[in-house]
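Novice: In this text, residue positions in the sequence shown follow numbering that gives the first Met the number 0: the first is 0, and each later residue adds one. Think of the CB as a built atom: it goes at the ideal place given N, C-alpha and C, for glycine as much as any other residue. After the C-alpha cells below, expect a handful of questions from me.
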Amino acid sequence: MNGHELGEIYRRYIGCLNRQDWANLGRFVHDDVHYNGKRIGLSGYREMLEGDFRAIPDLFFAIELLLSDPPRIASRLLFDCTPAGMLFGLPVNGRRVRFAENVFYEFADRRIVDVRSIIDKAAIGAQL
C-alpha cells in the first residue's frame, strides 16, 4: 500500500467518525487497537468515541494536515465545537472552543492498530 492509498483509507475513517457510523468502524480500526500505549480493543475504541460525541454533540473531525509514510499516518485535526460540560477536565460548560489534536496512527492490514494522540488542552484553557 502506498502513501496515497493509506491517506484515502484515513480520509474514509475520518468520514466514518463524522457520520458516527459505528457499525463500520471495524473496517478502519483493528480488533486489538492500542490507544496511547494501552490496548483498548475495537469495543473500547468505539466506546471512547461514542463518549466523545456525547460530551461534544457538535463534534466534527477536520483534517488540517495529513502526512503518510506507510504504514503510518500523522495528522493534525482541528476542532471548533461546543462541549456540553467538562472537556479533558476543563469546565467548558457549553462555551464554544477551538483546539487541535496531533495524532499518529499505525496501520496493519489496512486498519488502525495503534493511535498516539496529543490534544492541545492549553488552547482550550486559554479560551475559558
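For Ala83, which three-state DSSP category applies?
Specialist: Of the three classes helix, strand and coil, the one that applies to Ala83 here is coil, per DSSP.
Novice: Decide if Pro82 is buried, meaning its Cβ has at least 16 other Cβ atoms within 10 Å, or exposed.
Specialist: By the neighbour-count rule (16 or more Cβ atoms within 10 Å), Pro82 is buried.
Novice: With distance defined between alpha-carbon atoms, name the residue in Ala125, Gly124 and Ile118 nearest to Asn35.
Specialist: Residue Ile118 is the option with its Cα nearest to Asn35.
Novice: Following the continuous beta strand (DSSP E) through Asp51, name the residue where it begins and the one where it ends.
Specialist: Run containing Asp51: none in the beta strand (DSSP E); it sits in the alpha helix (DSSP H), Gly40 to Ala54.
Novice: Helix, strand or coil for Leu58? Go by DSSP, reduced to three states.
Specialist: Correct three-state label for Leu58: coil.
Novice: If we count Cβ pairs, one from each stretch, closer than 8 angstroms, do we get three or more for the region 74-90 versus the region 49-66?
Specialist: They touch, by the three-pair rule.
Novice: Once you ignore the five residues that flank Val28 on each side, which residues in its own chain have a CB closer than 7 angstroms to its CB?
Specialist: Excluding residues within five positions, the ones whose Cβ falls inside 7 angstroms are Leu41, Tyr44, Arg110 and Ile111.
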